[in-house]
Amino acid sequence: MDENYDVIVLGTGLTECVLSGLLSVDGKKVLHIDRQDFYGGESASLNLGQLYNKFRPSGQKPELRGRDRDWCVDLIPKFLMANGELTNILVHTNVTRYIEFKQIGGSYVYRNGRIAKVPSNQAEAISSSLMGIFEKRRMKQFLDYLTKWDDDDASTHGALDLDKNTMNEVYNYFRLENGTRDFIGHAMALWSNDDYLNEVARPTYERIILYGQSVAKYGKSPYIYPLYGLGELPQGFARLSAIYGGTYMLDTPIDEVIYDDDNKKFAGVKTKEGTDQGSNCDC
Numbered sequence: 003m004d005e006n007y008d009v010i011v012l013g014t015g016l017t018e019c020v021l022s023g024l025l026s027v028d029g030k031k032v033l034h035i036d037r038q039d040f041y042g043g044e045s046a047s048l049n050l051g052q053l054y055n056k057f058r059p060s061g062q063k064p065e066l067r068g069r070d071r072d073w074c075v076d077l078i079p080k081f082l083m084a085n086g087e088l089t090n091i092l093v094h095t096n097v098t099r100y101i102e103f104k105q106i107g108g109s110y111v112y113r114n115g116r117i118a119k120v121p122s123n124q125a126e127a128i129s130s131s132l133m134g135i136f137e138k139r140r141m142k143q144f145l146d147y148l149t150k151w152d153d154d155d156a157s158t159h160g161a162l163d164l165d166k167n168t169m170n171e172v173y174n175y176f177r178l179e180n181g182t183r184d185f186i187g188h189a190m191a192l193w194s195n196d197d198y199l200n201e202v203a204r205p206t207y208e209r210i211i212l213y214g215q216s217v218a219k220y221g222k223s224p225y226i227y228p229l230y231g232l233g234e235l236p237q238g239f240a241r242l243s244a245i246y247g248g249t250y251m252l253d254t255p256i257d258e259v260i261y262d263d264d265n266k267k268f269a270g271v272k273t274k275e276g277t278d279q280g281s282n283c284d285c
């Protein structure tokens, strides 16, 4: 290609594609290169053929049922919080016009030998078998306290300080049972272990509030998911970049990174398509 660019981005992971999209919107001339033949890097969603090529490049591939493109396998499977930071970025940049989302119908926990739905509204909470009637009342008092908390209004703090008291101390104050603590910590705050219990309550408070705001946004559950997998997220930002003049080259390994002989700063990259010069590089 032998062209000059303001920025050359290597790799099409989510971070790189967000950066590429924002720089293109800002008027920068961007070249985006990836040695893979698909978008997404480690957060890609692969069809079945791509999946076998990645993990069993020399192995025998089974006979596929249906069309190869009917499969979308996330390399890093996860949901998005409906009111989370990434979702807000997608809305703010209008990348949502390129991606169709589906709401997850509900979330569930395994407790006492059976699976139970996590309540998403008051009616479900009242009928839920996760807690007894008196524990539900204590749980409501706990959630009411958190939702009314105002950093600038000391009257909402009561006897607790979220920046000094541990989460265990907060649970003890509301006399919550161990099963309820597990439910709050792992099904709502989404902690993967119990280390948070002995840490200050602020991070758990913020996670619980985010969970509640996300449930309130669409109902049923706090989670949303791109229709064709998480790989749609970097592709959405790639489309944004392309609309504003960004250039993409997939299946293009970098043969050489070029540095200026005088000041040893980045000067460009060499690929099978030629040498492209740039003043900045993001990998």
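One gets the numbering used here by counting positions in the sequence shown from 1 and adding 2 to each.
Cβ atoms here follow ideal geometry from the backbone N, Cα and C, with glycine treated the same way.
Just so we're clear, the structure is a prediction, and the values are computed from it rather than from any experiment.
Give me the residue from the options with the minimum Cα distance to residue i.
i    : options                   : result
H34  : D8, S47 and D72           : D8
E201 : L192, V32, L12 and V172   : V172
L21  : D72, I91 and N85          : I91
G15  : K31, K30 and D36          : D36
G51  : Y41, W73 and V32          : W73
I101 : E275, F239, K56 and D257  : F239
G214 : D146, C19, I135 and Y54   : D146
L148 : G221, T206, D39 and N6    : T206
K31  : L48, L53, N55 and N6      : N6
F40  : G233, P59, D257 and Q62   : G233
W151 : Q38, D263, R204 and S130  : R204
F144 : R183, K266 and T89        : R183
T98  : L88, I106 and Y246        : L88
Q105 : V11, F81 and Q124         : F81
D70  : L162, R139, L48 and N174  : L48
N85  : Q124, A218, R241 and L162 : A218
Please state whether DSSP places residue i in a helix, a strand or coil.
i    : result
R116 : strand
K104 : strand
H159 : coil
T273 : strand
T95  : coil
G280 : strand
M133 : coil
T254 : coil
N200 : helix
S47  : strand
T294 : The structure shown does not extend to residue 294, since the chain is modelled only from 3 to 285, so the question has no answer here.
I35  : strand
I128 : helix
Y41  : coil
I78  : coil
P228 : strand
N174 : helix
N265 : coil
T182 : helix
L192 : coil
Y110 : strand
L146 : First, the residue type needs correcting, since residue 146 is Asp and not Leu in the sequence shown. Here D146 sits in helix by DSSP.
Just the C-alpha distance for residue i and residue j, rounded to the nearest angstrom, thanks.
i    : j    : result
N167 : F176 : 13 Å
Y2   : S122 : It is not possible to answer for residue 2, since the shown part of the chain is limited to 3 through 285.
L178 : R209 : 18 Å
G29  : G23  : 10 Å
H94  : T17  : 16 Å
Y261 : L77  : 34 Å
G280 : I186 : 50 Å
K274 : Y227 : 37 Å
Y54  : L229 : 22 Å
S157 : V259 : 60 Å
S60  : T254 : 21 Å
A118 : G276 : 58 Å
S194 : G221 : 24 Å
G160 : F57  : 55 Å
Q38  : L212 : 35 Å
V75  : P64  : 16 Å
E44  : D257 : 21 Å
D155 : K266 : 55 Å
G115 : L164 : 34 Å
V11  : C19  : 8 Å
K142 : R113 : 20 Å
N129 : D196 : The displayed chain sequence assigns Ser, not Asn, to residue 129. Their Cα atoms are separated by approximately 28 Å.
Taking the CB atoms as reference points, tell me whether residue i and residue j lie closer together than 7 Å.
i    : j    : result
A189 : V120 : yes
M133 : P224 : no
S243 : S26  : yes
G13  : P236 : no
N170 : L192 : no
Quick one: does the C-beta of residue i sit closer than 6 Å to a heavy atom of the ligand ATP?
i    : result
D197 : No copy of the ligand ATP occurs in the structure displayed, which carries no ligand at all.
> Touching or not, the stretch 263-271 and the stretch 238-250, by the rule of three or more beta carbon pairs under 8 Å?
Replying inline: Cβ pair count under 8 Å is below three, so no.
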